[in-house]
Amino acid sequence: MENVNLIGPQLLLMAVGGLLLICDAFAGLLGARRWMAWYVVGTPGLALLGGLGSLLWAVAHAATDTRGSAFFDTYVLDDFSLFFAVLFAGVVIAVVLFSVDYLRGNRHQAEYYALVLASAAGLMFLAGARDLIAIFVALELTSICQFILAGFLKDDRSSEAGIKYLLLGAVAAALTLYGMALLFGLSGSTSLEGIARAAAEADDQRLGFVLASVLLAAGLGFKMAIVPFQMWVPDVYQGAPTPVTGYLSVGSKAAGFAVAARVFVEGLGQGAIAPDWATMFAVLSVLSMTLGNVVALVQNDIKRLLGYSSIAQAGYFLIGLAAVAAGEPQVELGLGGLLFFAASYAFTNLGAFACVIAISQRIHSDSIADYTGMARRSPLLALALTLCLVSLTGIPPTAGFVAKLYIFNAAVQADLVWLAIAGVINSVISAYYYLRIVLNMYVGEPVSPEPVRPTPLLAVTVAAAVAGLLVLGVFPFPVIDAAEAAARAFS
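Have a look at this one:
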């Protein structure tokens, strides 16, 4: 029973997902009117309850200091995995809220929400997995669900997104598995603790551990959407359902960094190899920031622009991971910065995608040109999207500013001043394409005089996201304290 309690948030998500499928199978017996009520209210309502229940269970774990390991120490519930459990549960709630109107009339809503819940359970398992086999199983659980979600609309563009995501995901899984096999061969263990002992003592096998690190970085880099493993991002982000795009941009990316931190800090953070993978991540950080920002400058589709923006944001995440290898106290500072950046990015990017959904549903376009004059058609939506874009740029008083300040400080403290400077330069570059959208919305004549009004659920989601990014920008310390406490799980 103790094992069950430790993974309670994940089990609840999977149980609700299964219940959705069972109820959906018998929904046709209810009669036409009740059947329609099930699709309009029952399906998203049950999914929302699952997300809320999982969030409350994770918060209860945090409040009662429930910690421990389960399943022969292959999974651990510590402050680090709890931080991400709360984050992923919150992401699920947001995705459900802005999927309701997007999926209205779709006959496969139960399958959609079940896939979202199962995928989120996999993300939570990833953050707490301490064994290579457990990591791979959790990775496949979430990945397979996300492949299906990317192609959920079944039109040409969505199908292309799903197939491309599947094929490139299979390559990434193969690279990850190859890296894990090398680690097992070098250490004789699949547990991260055993790998850490072997890495600390085997200076003569340094080349083998470096090769394994490169393969793991390639495989996990696919989830993190870092250069040069980002080729799937623009097409998948553009073709997938917009709520799924928002989910991938936050949940999948955060999980990739969570498992990378777990593997590289806990498993490969000892001995002579740490500077090698830190240098690798520092170089990949600059490449990701630069490529993502430069290519985003010429995008005309807002979903593709946010896709390249996501690649650039992954580069900022990597700054925190690279800073960790400098040792104490940079482990706490670097990982704390990464975790706070994840929380900030969740509010900011989910808010941006909620605004995009609300606007695109009314104007039936994702073209940035069609956002011209949006401030006249929907002043509040334009203001909300502006705040989200300002936060992505890193301008006060938003969460994005504090997150970048924190993570750049971690780089400076780890003697990676050049990396912090590269981050600042890229933030300046990003201001051009983010603020270009803002300029479009506030300057110029609207394409149509018709007002754009979000549905109540989308309005609630947008308001919550904007409130979150402003609160984190003005009062960041409670979340910073939680992030640093989570980082100390590796001390």
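Just so we're aligned: the sequence shown equals residues 600 to 1090 in the numbering used here.
Cβ atoms here follow ideal geometry from the backbone N, Cα and C, with glycine treated the same way.
inquiry  = For the alpha helix (DSSP H) containing V675, name the first residue and the last one.
reply    = Here residue 675 is taken as the residue at index 76 of the sequence shown, counted from 1. First-last for V675: 674 to 676, but that is the beta strand (DSSP E), not the alpha helix (DSSP H).
ask   = Comparing alpha-carbon positions, which option in L867, Y1031, L980 lies nearest L810?
value = Locating residue 810 in the sequence shown gives position 211, where the first residue counts as 1. Comparing Cα positions, the closest option is L867.
ask   = What are the boundary residues of the beta strand (DSSP E) that S964 is part of?
value = If you number the sequence shown from 1, residue 964 lands on position 365. Segment: none, S964 is in no beta strand (DSSP E) and carries neither H nor E.
query = From the DSSP output, which residues share a beta bridge with A669?
reply = Residue 669 sits at position 70 when you count from the first residue of the sequence shown. Paired residue(s): Y674.
task = State the beta-bridge partners of S790 as determined by DSSP.
result = Here the question's residue 790 lines up with position 191 in the sequence shown. Answer by DSSP bridge pairing, in chain order: D730.
key: Alpha carbon of A895 to alpha carbon of S1029, nearest angstrom   = Residue mapping note: residue 895 aligns to position 296 of the sequence shown, counting from 1. Residue mapping note: residue 1029 aligns to position 430 of the sequence shown, counting from 1. The straight-line gap from Cα to Cα measures roughly 8 Å.
request  = Give the straight-line distance between the Cα atoms of L982 and Y1031, rounded to the nearest whole angstrom.
outcome  = Taking the first residue of the sequence shown as position 1, residue 982 is located at position 383. Taking the first residue of the sequence shown as position 1, residue 1031 is located at position 432. If I take the Cα positions, the gap works out to 18 Å.
query = Is the CB-CB distance between A873 and L1015 below 8 Å?
reply = Residue 873 sits at position 274 when you count from the first residue of the sequence shown. Residue 1015 sits at position 416 when you count from the first residue of the sequence shown. Cβ distance not < 8 Å, so A873 and L1015 don't count as in contact.
key: DSSP three-state assignment for D754, whether helix, strand or coil   = Position 155 of the sequence shown, counting from 1, holds the residue named residue 754. Reduced to three states, the DSSP call for D754 is coil.
request  = Following the continuous alpha helix (DSSP H) through G652, name the residue where it begins and the one where it ends.
outcome  = For the purposes of this step, residue 652 is identified with residue 53 of the sequence shown, where counting begins at 1. Segment 642 to 662, the alpha helix (DSSP H) holding G652.
ask   = Just reading off the alpha helix (DSSP H) that M830 is part of, what are its end residues?
value = Position 231 of the sequence shown holds residue 830. No alpha helix (DSSP H) contains M830, which DSSP labels as neither H nor E.
ask   = By Cβ distance below 6 Å, which residues in the same chain neighbour G616 in space, the five residues on each side in sequence not counted?
value = Along the sequence shown, read from residue 1 onward, the residue named residue 616 stands at position 17. Counting only Cβ-Cβ distances below 6 Å, and skipping sequence neighbours, we find A713, L716, A717.
task = Take the Cβ of S1047 as the centre, count every other Cβ of all protein chains shown within 10 Å, and call the residue buried at 16 or more, exposed below.
result = Against the sequence shown, residue 1047 aligns to sequence position 448. So S1047 counts as exposed.
query = Do the segment 731 to 747 and the segment 842 to 855 make contact, defined as three or more Cβ pairs closer than 8 Å?
reply = yes
request  = Check D969 in the structure and name its three-state DSSP category.
outcome  = Against the sequence shown, residue 969 aligns to sequence position 370. Looking at D969 - three-state DSSP - the assignment turns out to be helix.
Inter-residue spacing [alpha-carbon to alpha-carbon] between L731 and A824 = Residue numbering aside, residue 731 sits at position 132 when the sequence shown is read from its first letter. Residue numbering aside, residue 824 sits at position 225 when the sequence shown is read from its first letter. Cα-Cα distance, rounded: 21 Å.
query = Near S758, what residues of its chain come up, given a Cβ to Cβ distance below 6 Å and the 5 sequence neighbours on each side ignored?
reply = For the purposes of this step, residue 758 is taken as the residue at position 159 of the sequence shown. Closer than 6 Å at Cβ, skipping near neighbours: G750.
ask   = In terms of DSSP beta bridges, what is D900 paired with?
value = In the sequence shown, residue 900 corresponds to position 301, counting from 1. Answer is S966.
request  = Using the Cα positions of F683 and E1044, report the straight-line distance between them to the nearest angstrom.
outcome  = As a working note, residue 683 is residue 84 in the sequence shown. As a working note, residue 1044 is residue 445 in the sequence shown. Taking the straight line joining both Cα atoms gives about 43 Å.
inquiry  = Can you check which of these residues, A1081, A1066, L1057, is closest to T572 by C-alpha distance?
reply    = In this structure the chain extends from 600 to 1090, so residue 572 is not present and cannot be described.
inquiry  = What does the alpha-carbon distance come out to for the pair A631 and D700?
reply    = In the sequence shown, residue 631 corresponds to position 32, counting from 1. In the sequence shown, residue 700 corresponds to position 101, counting from 1. Confidence at A631 is low in this model, with a pLDDT of 49, below 50, so the placement of that residue should be treated as unreliable; the coordinate-derived value is given next. In a straight line, the C-alpha of A631 is about 20 Å away from that of D700.
message = My output table needs one value for T947: the three-state DSSP class, helix, strand or coil.
response = As a working note, residue 947 is residue 348 in the sequence shown. Residue state, collapsed to three classes: helix.
ask   = Where does P996 fall in DSSP's three states?
value = Residue numbering aside, residue 996 sits at position 397 when the sequence shown is read from its first letter. If DSSP states are grouped into helix, strand and coil, P996 belongs with coil.
task = Determine the burial state of L1071: buried for a count of at least 16 other Cβ atoms within 10 Å of its Cβ, exposed for fewer.
result = Counted from its first residue, the sequence shown places residue 1071 at position 472. With 16 or more other Cβ atoms within 10 Å, it is buried.
key: Backbone CA spacing between K822 and F856 [nearest angstrom]   = As a first step, residue 822 is located in the sequence shown; it is residue number 223 there, counting from the start. As a first step, residue 856 is located in the sequence shown; it is residue number 257 there, counting from the start. Cα to Cα, the separation comes out at about 8 Å.
message = Quick check: the Cα distance between A953 and G784, rounded to an integer number of angstroms?
response = Start at 1 with the first residue of the sequence shown, and residue 953 comes out as number 354. Start at 1 with the first residue of the sequence shown, and residue 784 comes out as number 185. Cα to Cα, A953 sits roughly 46 Å from G784.
message = Is the separation between the beta-carbon of L988 and that of I958 shorter than 8 Å?
response = Translated into positions along the sequence shown, residue 988 becomes position 389. Translated into positions along the sequence shown, residue 958 becomes position 359. The answer is no: Cβ separation not under 8 Å.
key: Distance CB(Y674)-CB(G727) smaller than 8 Å   = On the sequence shown, position 75 is the one that residue 674 refers to. On the sequence shown, position 128 is the one that residue 727 refers to. For Y674 and G727, yes; Cβs fall inside 8 Å.
ask   = With contact counted as at least three CB pairs below 8 Å, one residue from each stretch, are the segment 680 to 697 and the segment 1058 to 1065 in contact?
value = yes
task = Report yes or no: do the segment 898 to 916 and the segment 935 to 951 share at least 3 C-beta pairs separated by less than 8 Å?
result = yes
query = Taking A780 as the reference, which of I794, L767, A922 has the closest Cα?
reply = Locating residue 780 in the sequence shown gives position 181, counting from the first residue. That would be I794, whose Cα lies nearest to the Cα of A780.
inquiry  = I need the DSSP call for S1029, collapsed to helix, strand or coil.
reply    = Within the sequence shown, numbered from 1, the residue matching residue 1029 stands at position 430. Reduced to three states, the DSSP call for S1029 is helix.
key: Sub-8 Å separation of F946 and A998 beta-carbons   = To locate residue 946, count along the sequence shown from 1; it is residue 347. To locate residue 998, count along the sequence shown from 1; it is residue 399. Yes, the Cβ-Cβ distance between F946 and A998 is below 8 Å.
query = Going by beta carbon distance, what residues of the same chain come within less than 8 Å of S909, once the five residues before and after it are set aside?
reply = Taking the sequence shown and counting its residues from 1, one reaches residue 909 at position 310. Cβ within range, chain order: A824, V832, Y836, S848, K852, G891, N948.
ask   = What are the start and end residues of the alpha helix (DSSP H) that includes V882?
value = Taking the first residue of the sequence shown as position 1, residue 882 is located at position 283. 873 to 895 is the span of the alpha helix (DSSP H), which, as asked, contains V882.
ask   = In whole angstroms, what is the alpha-carbon distance linking E865 and V858?
value = Position 266 of the sequence shown, counted from the start, is the residue given in the question as residue 865. Position 259 of the sequence shown, counted from the start, is the residue given in the question as residue 858. Distance between the alpha carbons of E865 and V858 is about 10 Å.
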